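>
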Amino acid sequence: WSTNAGLDADVYALAINANNGHLVAGGGFDGYVAEWDGAVWSTNAGLNDEVYALALNTNGHLVAGGYFPGRVAEWDGATWATNGDLGSDVKALTLSTNGHIVAGGLFHDSCAEWNGIAWTPVANQSGLNNEVKALALNTNGNIVAGGYFDGYCAEWNGTNWTFLGTLDSDVNALALNTNGHLVASGSFTDYVAEWDGADWITLGTLDGGACALALNTNGHLVAGGYFTGYVAEWDGANWTTLGTLDGGAY
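Quick note on this note's numbering: the sequence shown kicks off at 545 and runs consecutively.
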């Protein structure tokens, strides 16, 4: 591991700037959002509290979600513009199939979609009853949410939330595997599992909670968390620790 020095506190989210390919980080450090140009970090000034999630909208603009006033804001390359106000923390962002930003978090209804004018709850009478920490789109284009709510992982079909199987604790991250299957990580038993359409299949055994998921250039799943080594790669059969970090990866 080589350090990109210059940030002074935790990083909670990463994204790639579509315009220049630069890495963008969001977190609790000074400035809260910063871009790495290959040599130094430069802050995208204007937000005044922690950023927990980053995404790109259909314009290629960076969108941040977090604890700052308004909770969701769009960066046009020069300034941040707030998209409404959800009233409480935003922990996850994704794009729906119609290109709208979808946010998940601690606010009322836990999941909402921005139509360019206002936020609309992604909910019904049997909606999500606690924090959403992760969002993804499955191969059907349906929104999938993971978090602290009853059932821990659920799919929105445009009308209703349907719980996916039975996990026994919270979900921190979601990703799609190269086979199109949904993968969840969190605090549940064995920490990482793949949804085959009917059941959750455990992917090996880590020895601590998994907080983040991504696919590398080989198409292998990579997890970060509080297990031994903090970052590990899944080759389809086993987890291999990637180097040595000195604290949790999320």
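From the three backbone atoms N, C-alpha and C, an ideal C-beta is built for every residue, glycine too. As the structure is a computational prediction, the values presented were derived from the model and not from experiment.
(1) Can you tell which of 583, 722, 615 has the C-alpha that lies nearest to the C-alpha of residue 759?
(2) Quick check: what's the CA-CA separation for residue 611 versus residue 557?
(3) In terms of residues, what are the limits of the beta strand (DSSP E) holding residue 771?
(4) Does DSSP put residue 788 in a helix, in a strand, or in coil?
(5) Look up residue 666 in the DSSP assignment and give the residues it is bridged to.
(6) Can you check which of these residues, 745, 740, 606, 757, is closest to residue 730 by C-alpha distance?
(7) Quick one: using the 10 Å Cβ neighbour count with 16 as the cut-off for buried, is residue 638 buried or exposed?
(8) Does DSSP put residue 586 in a helix, in a strand, or in coil?
(9) Who are the near neighbours of residue 732 in its chain, counting only those whose CB is closer than 6 Å to its CB and skipping five residues on each side?
(10) Rounded to whole angstroms, what is the Cα-Cα separation between residue 725 and residue 621?
(11) Provide the residue span of the beta strand (DSSP E) that contains residue 716, from first to last.
(12) Given residue 554, which residues of its chain have a CB within under 6 Å of its CB, disregarding the five upstream and five downstream residues?
(13) Would you call residue 601 buried or exposed, if buried means 16 or more other Cβ atoms sit within 10 Å of its Cβ?
(14) Run through the stretch 555-580 for me and flag every whole beta strand (DSSP E) of 3 or more residues, listed as ranges in chain order.
(15) Under a three-way DSSP split, which group does residue 756 fall into?
(16) Quick check: the Cα distance between residue 569 and residue 690, rounded to an integer number of angstroms?
(17) Hey, does residue 646 have any beta-carbon neighbour from chain B nearer than 9 Å?
(18) Helix, strand or coil for residue 707? Go by DSSP, reduced to three states.
(19) Compare the Cα-Cα distances from residue 599 to each of 696, 629, 567 and report the closest residue.
(20) Residue 731 by DSSP, collapsed to three states: which one?
Based on what the coordinates show:
(1) 722
(2) 13 Å
(3) It is not in any beta strand (DSSP E) - residue 771 carries neither H nor E in the DSSP assignment.
(4) coil
(5) In DSSP, residue 666 forms no bridge with anything.
(6) 757
(7) buried
(8) strand
(9) 711, 712, 713
(10) 35 Å
(11) 715-720
(12) 571, 572
(13) buried
(14) 555-560, 567-571, 577-580
(15) strand
(16) 22 Å
(17) Protein chain content of the structure displayed is limited to a single chain, and chain B is not contained in it.
(18) strand
(19) 567
(20) coil
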